[in-house]
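Protein chains: 2
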Amino acid sequence: MLQNIRIILINTFHPGNIGSAARAMKTMGLIDLCLVSPKRFPASEANSMAAGALDVLEKARLFDTLDEAIADCSLVIGTSARTRTHSFSRPMLSAEQCAAQLLSESRQSPVALVFGQETMGLTNSELEKCHFHTSIDANPDYPVLNVASAIQILCYEIHKASLKSDCADNNEKPEQEYPLIKELELFYEHLETTLTDIDFIIQQHPGLVMTRLRRFFNRARPEVKELNMLRGILVAAQKTAKKNS
Amino acid sequence: MLQNIRIILINTFHPGNIGSAARAMKTMGLIDLCLVSPKRFPASEANSMAAGALDVLEKARLFDTLDEAIADCSLVIGTSARTRTHSFSRPMLSAEQCAAQLLSESRQSPVALVFGQETMGLTNSELEKCHFHTSIDANPDYPVLNVASAIQILCYEIHKASLKSDCADNNEKPEQEYPLIKELELFYEHLETTLTDIDFIIQQHPGLVMTRLRRFFNRARPEVKELNMLRGILVAAQKTAKKNS
Numbered sequence: 000m001l002q003n004i005r006i007i008l009i010n011t012f013h014p015g016n017i018g019s020a021a022r023a024m025k026t027m028g029l030i031d032l033c034l035v036s037p038k039r040f041p042a043s044e045a046n047s048m049a050a051g052a053l054d055v056l057e058k059a060r061l062f063d064t065l066d067e068a069i070a071d072c073s074l075v076i077g078t079s080a081r082t083r084t085h086s087f088s089r090p091m092l093s094a095e096q097c098a099a100q101l102l103s104e105s106r107q108s109p110v111a112l113v114f115g116q117e118t119m120g121l122t123n124s125e126l127e128k129c130h131f132h133t134s135i136d137a138n139p140d141y142p143v144l145n146v147a148s149a150i151q152i153l154c155y156e157i158h159k160a161s162l163k164s165d166c167a168d169n170n171e172k173p174e175q176e177y178p179l180i181k182e183l184e185l186f187y188e189h190l191e192t193t194l195t196d197i198d199f200i201i202q203q204h205p206g207l208v209m210t211r212l213r214r215f216f217n218r219a220r221p222e223v224k225e226l227n228m229l230r231g232i233l234v235a236a237q238k239t240a241k242k243n244s
Numbered sequence: 000m001l002q003n004i005r006i007i008l009i010n011t012f013h014p015g016n017i018g019s020a021a022r023a024m025k026t027m028g029l030i031d032l033c034l035v036s037p038k039r040f041p042a043s044e045a046n047s048m049a050a051g052a053l054d055v056l057e058k059a060r061l062f063d064t065l066d067e068a069i070a071d072c073s074l075v076i077g078t079s080a081r082t083r084t085h086s087f088s089r090p091m092l093s094a095e096q097c098a099a100q101l102l103s104e105s106r107q108s109p110v111a112l113v114f115g116q117e118t119m120g121l122t123n124s125e126l127e128k129c130h131f132h133t134s135i136d137a138n139p140d141y142p143v144l145n146v147a148s149a150i151q152i153l154c155y156e157i158h159k160a161s162l163k164s165d166c167a168d169n170n171e172k173p174e175q176e177y178p179l180i181k182e183l184e185l186f187y188e189h190l191e192t193t194l195t196d197i198d199f200i201i202q203q204h205p206g207l208v209m210t211r212l213r214r215f216f217n218r219a220r221p222e223v224k225e226l227n228m229l230r231g232i233l234v235a236a237q238k239t240a241k242k243n244s
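Chains as they are written, first to last, in numbering that gives the first Met the number 0: chain S, 0 to 244; chain B, 0 to 244.
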């Protein structure tokens, strides 16, 4: 399901890189390009670098925030240079594992692969929104791929994975079914309201509670059934709070 | 033996692509760049696209012909778009197979991966000098990778193969030992002389004989021992010719 695999570029500085991304995607059969607050788009440099992939560029969608761009996705993978030290841990996938995971889950809903700004990469807060991180194995002395090259390699691995999967005629659904990001957001809202109802969060001093809880649930990745169960628990907690108020 | 794997670019039109090639190579641990008659080099566009890989660019060697650039290599693989129809057949390797073959044979002598001019690719006569052809699996409706992207993907596959080979600690030599291109060239000279000595080739009308023989031997890929044996046969034939003259 290559059409369900979305490439998201955040805050792209050089419009030419957007064109190169479109071309790299089309050479590997991908068509869904989303741009979060690019510096300049549409732009002639983007068109000229896209070459025969102008159709991908023309269909590209613009968003103000990453949250909006991933709202209907069930899986989000962020790209990162391996050398970066994180203050939090996420499973790190190789490019090959990343491709297999995206392809497998794209059978039931859109999935996203996210690239950060050219020189800075993804910020910590963007990386926290991702279920997994991926990094391209490279020369440890000079792992500095430009963003167009990184997109080309990852799209190539996705295409290779799709050929393998075609060969295996492997059409069964993945075992777990995961909620969409927008469903998770509704859960977080519900969680925050409930925690306020039960006075765990004091409205004037919310502190870091929700940030920490989001980090935890994002890493734990609840399945649809588990999320429904959690929602049930919240409803019960809210009922209890109302009775006692 | 990544340092024994040579990337050769022929008649490059845009100097920026030479810089991108150097960067792509260095990110994957390759350092040996050879340029055959580039349109313009050195060039500022090459330097700026090379970014942190200026050292690879500065060590790049210039050649007038492909023959000179591959003379000390034992294996030459040419890149090609799968769609091209050839008047001759060569084994076609996937990018992954190409990487494994280059890496395996690079343990004993230099090996080369050759890229043609940006829009035209390798000419038929250049492709004929190659033992194998390789093509990157891509979208059949738009398989148009730019040369920098193609170099990036193939260098990435080579780097991946080298990591695998490190893991397996696989240090045995490949089973066959192949002659260098310059040794083959000496054989072809010897062959032509001998065929002239025995009047198979008439000096005024050489015809296509040598072209066809080169094509045959290049495809057959004689090992060192076999080439020595063939040289022995030629010596014997020449002795016979002299006796009878």
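For glycine and all other residues, C-beta sits at the position ideal for the given N, C-alpha and C.
- Secondary structure remark: continuous alpha helix (DSSP H) runs of at least 4 residues inside the segment 90 to 123 of chain S, in chain order: 94 to 104.
- Within the same chain, Thr78, Phe114, Ile135 come within 8 Å of S/Ala149 by CB-CB distance, once the 5 residues on both sides are set aside.
- S/Gly51 belongs to the set of residues whose beta carbon lies under 8 Å from a beta carbon in chain B.
- Using a Cβ-Cβ cut-off of 7 Å, S/Lys159 is close to Asp136 of chain B, given in chain order.
- Note that the C-beta distance between S/Ala45 and S/Ile17 is below 8 Å.
- In the three-state reduction of the DSSP assignment, S/Arg220 falls in the coil class.
- 8 Å or more divides the Cβ of B/Ala147 from the Cβ of B/Ser47.
- A Cβ-Cβ distance of about 18 Å is found for the pair S/Leu190 and S/His130, leaving them out of contact under the 8 Å criterion.
- At the C-beta level, B/Asp66 and B/Pro109 stay beyond 8 Å of one another.
- In this structure, S/Val35 is the residue among S/Val35, S/Gln151, S/Glu176 with its C-alpha nearest to the C-alpha of S/Leu61.
- Taking all protein chains shown into account, S/Asp198 has fewer than 16 neighbouring C-beta atoms within 10 Å of its C-beta and is therefore exposed.
- Taking the Cβ atoms as the reference, S/Ala137 lies roughly 19 Å from S/Leu126, outside the contact range of under 8 Å.
- Measuring C-alpha to C-alpha distances from S/Glu225 to each of S/Glu176, S/Asn243, S/Ile201, S/His132 identifies S/Glu176 as the nearest.
- In the structure shown, the three-state DSSP call for B/Asp63 is coil.
- Across the set S/Arg213, S/Asp165, S/Ile201, S/Ser164, the C-alpha of S/Arg213 shows the shortest separation from the C-alpha of S/Glu188.
- Per DSSP, the continuous alpha helix (DSSP H) segment holding B/Thr192 begins and ends at 180 to 196.
- With a 10 Å radius around the Cβ and a threshold of 16 neighbouring Cβ atoms, B/Glu57 comes out exposed.
- What S/Pro142 touches in chain B, judged by beta-carbon distance under 7 Å, is Thr26, going in chain order.
- Using a Cβ-Cβ cut-off of 7 Å, S/Leu162 is close to Asp136 of chain B, given in chain order.
- A direct Cα-to-Cα measurement between B/Tyr141 and B/Gly15 gives close to 23 Å.
- For S/Gln151, the residues of chain B that pass the 8 Å Cβ criterion are Leu144, Ser148, Gln151, Ile152, in the order they occur in the chain.
- Looking at the DSSP output, S/Leu74 bridges to S/Val110.
- By the CB criterion at 8 Å, B/Ala111 and B/Ala160 fall outside the cutoff.
- The C-beta distance from S/Ala23 to S/Gln203 rounds to 49 Å, too long to fall under 8 Å, and the pair is not in contact.
- In this structure, the straight-line span from the alpha carbon of S/Val234 to that of S/Arg39 is close to 45 Å.
- Exclusion of the five residues before and after B/Glu156 leaves Ala94, Glu95, Ala98 as the residues of its chain whose Cβ lies within less than 6 Å of its Cβ.
- Within the DSSP bridge table, the entry for B/Asp31 names B/Arg5 as partners.
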